[in-house]
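Scroll down for the structure; my scribbles are underneath it.
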Amino acid sequence: MKRLLLASALSALTLTPVLAADVVAPIASVYDWSGFYVGLQAGYGWSRVDQPYANVGGPFIFTQDDADGNGWLGGAHVGYNKQFDSWVLGLEGDFEASNIDGDDGGSGGHINGFEFKWLGSVRGRVGYAFDRVLLYGTGGYAFMRGSAYAVEGFGGATAESNSATFHGWAIGTGAEYAFTDNLTARVEYRYTDFGAKRISFPVNGYDEKIDPSFQAVRVGVSYKF
Numbered sequence: 049m050k051r052l053l054l055a056s057a058l059s060a061l062t063l064t065p066v067l068a069a070d071v072v073a074p075i076a077s078v079y080d081w082s083g084f085y086v087g088l089q090a091g092y093g094w095s096r097v098d099q100p101y102a103n104v105g106g107p108f109i110f111t112q113d114d115a116d117g118n119g120w121l122g123g124a125h126v127g128y129n130k131q132f133d134s135w136v137l138g139l140e141g142d143f144e145a146s147n148i149d150g151d152d153g154g155s156g157g158h159i160n161g162f163e164f165k166w167l168g169s170v171r172g173r174v175g176y177a178f179d180r181v182l183l184y185g186t187g188g189y190a191f192m193r194g195s196a197y198a199v200e201g202f203g204g205a206t207a208e209s210n211s212a213t214f215h216g217w218a219i220g221t222g223a224e225y226a227f228t229d230n231l232t233a234r235v236e237y238r239y240t241d242f243g244a245k246r247i248s249f250p251v252n253g254y255d256e257k258i259d260p261s262f263q264a265v266r267v268g269v270s271y272k273f
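According to our numbering, the residues represented by the sequence shown are 49 to 273, in order.
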């Protein structure tokens, strides 16, 4: 009996460190975020469009209300991630159509507005992975095609419209989850500033300094190869 008890005690002492190691050892990340991916995204945006105006070719000494607006946007994205331990570095590009539109309500004598037609970006991504959960920040170059317009009278038809391409930057943050080895979903907030551009309205006899920016919340799904 003493020999049996001694053997049992020795076995317990041998197993205890092993069991303790199993309890305290961290769970290794098993999902690999590395690879190419493509996906679709959609969201809602809120724009701010400063638009001081001037006589044609003159300084912008006249002010009017902003042509702030809101609306939907959606499109596609493509990118590549590379994982280093728990850190994930990536590069992503996207392209979207938009119906974000707003006007000043006629504060300058005419109703002047601005519409975001399409936009895109090329951004870096830096994230930290908790297995299938990825928290990340993103930022880089952004571009947009928009249309500044003037409406003749309140409730009237568009009297003059001029389109231009804007260039700027974007920054944001998001979270992504891998449902399967190939399918992920995300939610992302991003702020984008497109800089300012002079747009002429020769029919109406003035210029505007259009300075558009917007913020948006997007959701998306991706397929990782």
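We put the CB at the ideal spot given by N, CA and C, even for glycine. Small disclaimer: the values here were computed from a predicted structure and weren't measured.
DSSP state of residue i mapped onto helix, strand, coil
i           : result
residue 158 : coil
residue 87  : strand
residue 109 : coil
residue 174 : strand
residue 211 : strand
residue 53  : Residue confidence for residue 53 is low, a pLDDT of 37 falling below 50, so the modelled location carries little weight; the figure read from the coordinates is stated next. If DSSP states are grouped into helix, strand and coil, residue 53 belongs with the helices.
residue 98  : strand
For residue i, the first and last residue of its enclosing beta strand (DSSP E)
i           : result
residue 149 : 149-151
residue 186 : 181-199
residue 244 : Neither: residue 244 is in no beta strand (DSSP E) and is coded neither H nor E.
residue 82  : Neither: residue 82 is in no beta strand (DSSP E) and is coded neither H nor E.
residue 103 : 101-103
residue 118 : 117-132
residue 265 : 254-272
residue 229 : Run containing residue 229: none; DSSP gives neither H nor E here.
residue 136 : 135-146
Nearest neighbour of residue i, chosen from the options [CA to CA]
i           : options               : result
residue 247 : 79, 86, 99 and 183    : 99
residue 186 : 225, 113 and 138      : 138
residue 299 : 230, 224, 135 and 161 : The structure shown has nothing for residue 299, since the chain only spans 49 to 273.
residue 143 : 167, 87 and 151       : 167
residue 239 : 257, 263 and 233      : 263
residue 78  : 210, 110, 178 and 256 : 178
residue 176 : 156, 136 and 220      : 136
residue 209 : 114, 158, 87 and 112  : 158
residue 236 : 271, 155 and 219      : 219
residue 112 : 122, 154 and 182      : 154
residue 114 : 163, 266, 173 and 215 : 163
Same chain only: Cβ atoms within 7 Å of residue i, ignoring 5 sequence neighbours per side
i          : result
residue 72 : For residue 72, the predicted model reports a pLDDT of 45, less than 50, meaning its position is unreliable and no value from the coordinates is stated.
residue 80 : 131
Buried versus exposed call for residue i [16 or more other C-beta atoms within 10 Å across all chains shown]
i           : result
residue 133 : exposed
residue 90  : exposed
residue 227 : exposed
residue 82  : exposed
residue 107 : exposed
residue 169 : buried
residue 7   : The chain is shown from 49 up to 273; residue 7 falls before or after that span and cannot be answered.
Proximal residues to residue i (C-beta, below 6 Å), its chain only, five neighbours per side dropped
i           : result
residue 229 : none
residue 84  : 128 and 273
residue 234 : 222, 224 and 268
residue 191 : 168 and 215
Spatial neighbours of residue i in its chain, beta-carbon cut-off 8 Å, leaving aside the 5 residues before and after
i           : result
residue 120 : 90, 91, 92, 93, 146, 147 and 148
residue 244 : 98, 257, 258 and 259
residue 253 : 103 and 104
residue 141 : 125, 126, 127, 168, 169, 170 and 171
residue 173 : 127, 129, 136, 137, 138, 139, 140, 184, 185 and 186
Contact test: residue i Cβ vs the ligand COA heavy atom, cutoff 7 Å
i           : result
residue 166 : With respect to the ligand COA, the structure offers nothing, as it holds no ligand at all.
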